[in-house]
Amino acid sequence: MKNEWGTPITEIEFIHRYESDRYDIERFDMIDNNERIFALKAGYWTGIGRTGKDYWWIRYKDDRKTWTCKSNFFCFLTANDAKSDRPVEIVIKKNKMEVTPPVSSGDYVTLYPEA
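See below:
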């Protein structure tokens with residue numbers, strides 16, 4: 001995970017969910033601006049009978065507000081991603097979180113202030 005938000009972010013809660021049978025949760029006190037950290041090891045399955053939907057969610061604070069994304073944001077991880085032995089990159093930018101798998105195509109989700 002890399003913070004490109006522009007300022008440090010704090011009280012970070014990051015969740016990866018594969019379908020409904022795998023949850024990976026990690027919490028961090030702070031990530032400095034432009035800092036890259038190892039976030040979590042995400043478990044997932046590929047093959048017959050699997051959708052491949054990997055859901056990603058985050059909540060954190062900057063100096064003024066708490067930010068989050070929609071709870072049903074997903075992108076796909078594949079067997080080729082697992083075989084690559086490279087990490088999925090998560091980048092927090094102004095107004096979006098980018099998820100970039102090592103082989104398959106990534107996606108992004110809009111970040112917004114929590115009500």
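Read in our numbering, the sequence shown has 80 at position 80, and its numbers run on one by one without any break.
Where is the CB? At the ideal position from N, CA and C, for every residue including glycine.
All values derive from a computational prediction rather than experimental measurement.
Rounded Cβ spacing between I15 and D24 (contact assumed at less than 8 Å): 7 Å
Kindly list the residues whose CB is nearer than 6 Å to the CB of M1, restricted to its own chain and excluding five residues on each side of it in sequence; keep chain order. I37, A39 and I90
Limits of the unbroken beta strand (DSSP E) element including K53: K53 to K61
Range covered by the alpha helix (DSSP H) that runs through K83: A79 to S84
Under 8 Å: do the segment 80-87 and the segment 52-70 share three or more Cβ pairs, one atom per stretch? no
Rounded distance between the beta-carbons of W67 and P113, thought under 8 Å: 6 Å
Quick check: what's the CA-CA separation for D32 versus K94? 14 Å
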